[in-house]
Each structure stands twice: as C-alpha cells, then as structure tokens.
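Residue numbers (our numbering): 7 to 531. Beta carbons are placed, not taken as given, at the ideal position from N, Cα and C, and that holds for glycine. Remember, predicted model here, so these are calculated numbers, not experimental data. Notes for the one structure printed next.
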Ligand code: SIN
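Here it is as structure tokens:
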C-alpha cells in the first residue's frame with residue numbers, strides 16, 4: 007500500500023506552521039481547538055464550510071446524567087449494557103463522568119438547551135433506562151451545538167480557520183507525524199507543519215447508498231491515519247439508524263429516535279404495529295434490533311419502507327419537540343400530525359476508527375484523534391443513543407488539552423523535516439469517478455450493511471480489490487477523486503473486519519453466525 011496518495015517533496019511546496027493542527031470542524035474538532043488554543047497557535051482545516059458535518063445534522067440530543075433522579079452509575083450501566091460486552095469501561099466512565107462539566111461549560115458559552123420551567127428538559131431514547139437526553143430548539147441540538155462552538159472559536163485570536171482545505175495526507179516519517187499536505191481552496195497544494203495534529207474528521211456514512219450523514223463523511227481522516235501507520239479498530243461496527251425519512255428521489259433525512267422516545271410507533275403497510283413481536287421494549291429496542299426488524303417487516307410486506315405514526319400525540323407536543331422534522335416532512339406534503347411518516351434504516355454512525363487512549367493519543371507520535379473518526383472504546387459493539395455528541399465533547403476537550411500540554415512541555419525536535427514521495431507505476435486510464443462511487447455504495451449496502459454473511463462479504467472483497475487494483479494506481483489532483491481512494495481503502499477495512507468476526511454482536515450481524523460468541527470474541531477488538 008502506498009503511504010501517500012500523491013508524489014511530493016516538502017522542500018518544493020509552499021508551507022506554513024502552526025502549533026496544533028486540527029482536521030475537521032464538528033463538535034470534537036471545535037472542542038479540541040478551544041482547549042488547544044490555551045497552549046499555542048491552532049489552525050483548523052475543514053474540507054467544506056465550517057458547519058458542514060455530522061454534528062450539525064444531529065437532532066435527538068446529548069445523553070448526560072444531569073437530571074435529579076439520574077446518576078453517572080446509571081448512565082454507565084445503560085452504556086455498558088447496550089455495548090454488548092465490548093465497551094472499554096474506562097472510556098465509558100470518562101465520557102459519563104466528565105459530560106456534565108462539558109454541558110455546563112457549553113451553557114456558560116451561550117448554548118440554549120430546552121427547559122421545562124427552570125430545569126433542563128430530558129427526553130427518552132432507546133437503551134436508556136430513564137429520560138436522560140437534553141436537546142435544543144426541539145430537534146435542532148446539533149445546530150445549536152455548532153452555533154455555540156463556532157462563535158467561541160471565532161472569538162479566539164489564537165485560532166485560524168481554513169475552509170475548503172482538504173488534508174490529502176499526513177506528513178509522516180517513521181511513525182511520527184509532522185503536519186499535513188493540504189489541498190487549499192484555490193487548489194494550491196501546501197504543507198502545514200504542526201507539532202501536534204488532531205484528526206476529527208467524522209464518520210463513513212457516505213460509503214453507503216443511503217445515510218443520515220453529511221456529504222463530508224467519507225472516512226478520509228481514517229484513511230490518511232491508516233496510511234501513516236495508525237491502528238484502526240472495531241471497523242466492523244457500523245451503526246444503522248432505524249428511521250430515516252424515505253421519499254424516493256429526495257435526500258434521506260434523519261427522523262430522530264426521540265420521536266419514538268416521545269411515543270411514536272412503527273407500523274407496517276397493513277397498519278400493524280410490529281416491534282413487540284421482535285423485542286420486549288418495542289419501539290425502544292436497541293437500534294440494531296429495530297433496524298433488522300424493520301428490514302424483516304419490509305420483506306414480509308413487500309414494501310420499501312415502514313411507517314412511523316405519531317398522529318396520536320398532542321399537536322402541541324409535536325410542534326414544540328419536532329419543529330424541523332415537521333417542516334421537512336411538510337415540504338414533501340406529509341403532515342406529521344395527521345399522516346404516517348415513511349421511514350427505513352440507513353447508515354448512521356461509525357463506532358470503529360482510529361484507536362486512541364484516554365488522552366486522545368494514537369500510536370503515531372504527535373497524532374491525536376477524537377469524535378466519530380476515533381475509537382475510544384466507549385461505544386463497544388453498539389452505541390447508546392445520544393452518547394456520540396457527549397463523546398465528541400469530552401474526547402475533543404481531552405485531545406485539545408493533552409496535545410496542548412504536550413507542546414507546552416517544550417521538547418525541542420526538528421518539526422519541519424524534508425519528506426518526499428514518488429508514486430511508481432501511475433496509470434493513465436480514464437475513470438468515471440461518480441460511477442465508481444455509486445457502485446461502491448451499492449456494494450457496501452448489499453453485502454456489508456445491516457445483515458452480512460460470508461458469501462456476500464467475499465463478493466465484496468473481490469470487487470473492492472478489483473476496483474482498488476486500478477483506482478489506487480492513479481495519481482489524482484482533485485478532492486472528489488482522493489475521496490474515492492479513501493472510501494475504497496476504508497470499505498476494504500470494514501469488509502475485512504466484518505469477515506473476520508464470525509459472530510453477531512451489537513450492530514455487526516452475521517446471518518451465518520447469528521449468535522454472540524463470548525468465548526471466542528468477547529474480548530476481541
Ligand atoms: C437521533 O436523534 O435519533 C440521533 C441520535 C443519535 O444518533 O445518538
């Protein structure tokens with residue numbers, strides 16, 4: 007495997023310097039920037055505009071043990087239960103116990119979470135034994151979070167922001183990272199040298215045909231970390247969200263789990279409520295169970311969707327709690343107070359990723375990661391609803407703090423070494439990138455999706471390695487094309503991990519090994 011996507015010589019490229027370079031601008035990246043800026047100069051690069059990311063799309067909220075009758079121990083217990091035996095207990099304790107302080111900080115910075123009287127308002131989501139999820143403007147929690155963090159970042163003169171700047175590769179040598187090779191907005195290629203790099207590039211939803219994710223979620227951060235030698239773990243664990251609005255020909259939009267938390271029920275085309283057939287918790291069964299049950303009902307009833315029914319809820323509750331969902335649906339002539347909402351499962355959250363320790367450090371010297379692109383182990387084999395923004399906040403804070411403290415410790419090393427790369431055997435074959443991306447997405451959905459088996463996973467392996475044999479030989483000069491190379495690399499890792507784990511656990515469901523096998527896989531990442 008090539009260690010870089012392009013030929014270059016760092017001596018010949020224009021360059022800049024920053025103490026800490028952050029790649030990505032969701033909750034984890036912005037949180038890390040705010041902390042890191044206490045210790046040195048920070049540059050954030052982001053491949054689109056600052057607010058284009060998965061955080062912005064989050065609806066339901068942030069799980070946090072802040073209500074009067076809650077306690078961290080209860081939140082920890084629920085997280086471990088849903089994680090199906092694979093959670094790293096230390097990471098779970100960190101996010102749950104540090105979460106309340108991070109939320110108080112956000113409120114101090116101006117975040118407005120919904121309230122009931124003077125108290126925060128808590129909603130319920132699947133897997134939580136109680137109401138624990140705070141939210142903003144009904145169903146616009148991610149937008150409020152980004153608004154608050156972007157305002158805070160923009161006030162800080164130590165932080166520089168570069169939008170539409172794409173990290174092609176980490177500048178690395180012998181297991182140490184020195185910065186990144188960046189394709190700037192004007193297509194100029196440059197080096198940004200940094201003492202520490204923090205990757206916060208989000209998930210991989212765009213590897214699938216249908217997803218709740220932003221267009222930027224192509225797994226690029228994971229791919230460039232892997233090329234530099236970073237360890238990636240738990241790649242088979244891709245979470246599908248059970249309820250995405252399905253109106254063919256239009257983009258897929260998340261219909262928050264909080265809708266079911268407030269009493270929404272799932273029905274098939276015959277108007278039958280079906281979830282209790284599959285799980286004692288009905289519509290609030292864990293996400294993996296709900297997604298698979300919906301697939302079964304779709305097959306049984308020869309339908310392309312099932313239906314979320316909230317017509318029995320008071321109209322005032324619907325209006326206050328789900329104003330955005332109501333507006334989006336109404337733009338498709340669906341009045342959610344009277345009509346059923348057509349939904350089906352789509353790719354939602356990547357549990358696996360770049361392995362980090364409790365400080366956000368990877369196995370590469372000077373490289374940190376946080377948020378969805380990282381794997382702290384907090385989610386195990388199945389992420390508890392609304393724990394992702396919490397993890398992004400807590401581990402973003404930690405990565406920024408520890409990276410900052412590390413530069414502060416003043417170790418003097420050569421931070422601008424000359425590094426070069428020459429790609430051999432470059433192919434000149436013309437490729438239709440759009441066609442390849444569409445083919446990859448279909449393949450991943452069919453064979454590496456909600457249900458998997460050996461035959462399908464091997465078929466996926468064959469295709470991915472065939473496509474890679476010519477795509478990886480090309481030297482591209484466009485973001486869209488590098489994205490395809492990254493997507494193929496990560497797709498291969500997800501497929502391989504899914505093939506290796508011969509059991510079903512959490513979001514990884516093998517039809518040929520439908521049982522959880524603790525003796526063989528209980529401790530295995
Ligand atoms: C949702 O609102 O259903 C998404 C929350 C999450 O993914 O945790």
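According to DSSP, residue pairing for residue 185 in a beta bridge involves 177 and 199.
Scanning its chain for C-beta atoms nearer than 8 Å, with the 5 sequence neighbours on each side dropped, one finds around residue 433 the residues 476, 479 and 480, in chain order. Here residue 33 is near residue 151, since their CB atoms are less than 8 Å apart. In the same chain as residue 519, and ignoring 5 residues on each side of it, the C-beta atoms closer than 8 Å to its own belong to 508, 509 and 510, in chain order. Burial of residue 303 is indicated by the presence of at least 16 other C-beta atoms within 10 angstroms of its C-beta. Around the beta-carbon of residue 231, 16 or more other beta-carbon atoms lie within 10 Å, marking it buried.
Per DSSP, reduced to three states, the secondary structure at residue 58 is coil, with no helix or strand assignment. Counting only the Cα atoms, residue 458 lies some 6 Å from residue 515. Counting only runs of 3 or more residues that sit fully inside the segment 217–287, the beta strand (DSSP E) segments are 244–251 and 271–273, in chain order.
With 5 Å as the limit, the residues whose C-beta approaches a heavy atom of ligand 1 more closely than that are 65, 66, 262, 263, 391 and 392, in chain order. Rounded to the nearest angstrom, the gap between the Cα atoms of residue 37 and residue 156 is 9 Å.
Per DSSP, the continuous beta strand (DSSP E) segment holding residue 313 begins and ends at 312–315.
For residue 25, the uninterrupted beta strand (DSSP E) run begins and ends at 21–29, by DSSP. When C-beta atoms of the segment 318–334 are compared with those of the segment 378–392, fewer than three pairs fall below 8 Å, so the two segments do not count as touching. Sorting 405, 400, 431 and 398 by C-alpha distance to the C-alpha of residue 374 places 405 at the top.
When only Cα atoms are considered, residue 331 and residue 239 end up about 34 Å apart.
Distance from the CA of residue 148 to the CA of residue 115, rounded to the nearest whole angstrom, comes to 15 Å.
Closest in alpha carbon position to residue 248, among 8, 131, 497 and 324, is 131.
Between residue 342 and the set 498, 71, 293 and 323, the nearest pair of CA atoms involves 323. In this chain, residue 343 is not harboured by any beta strand (DSSP E), its DSSP state being neither H nor E.
Distance from the CA of residue 187 to the CA of residue 350, rounded to the nearest whole angstrom, comes to 39 Å. Between the segment 431–445 and the segment 57–77, the count of Cβ pairs shorter than 8 Å is below three; the stretches do not touch. Annotated as distal: residue 353 and residue 243, with beta-carbon spacing of 8 Å or more. Contact between residue 492 and residue 209 is absent: CB atoms are separated by about 13 Å, not below the 8 Å threshold. Annotation for residue 41: 403, 406, 407 and 410 place their beta carbon closer than 7 Å to its own, counting only its chain and skipping 5 residues before and after.
A check of alpha carbon separations from residue 412 across 366, 268 and 113 identifies 366 as the nearest. Remark: C-beta atoms of residue 400 and residue 66 do not approach each other more closely than 8 Å.
Counting along the chain, residue 374 sits inside the beta strand (DSSP E) bounded by residues 373–375. Here DSSP, grouped into helix, strand and coil, assigns residue 408 to helix. Using a Cβ distance threshold of 8 Å, residue 82 and residue 96 do not count as a contacting pair. Contact between the segment 173–192 and the segment 422–433 is present, with at least three C-beta pairs closer than 8 Å. Judged by pairs of C-beta atoms under 8 Å, the segment 133–148 touches the segment 110–124, as three or more such pairs exist.
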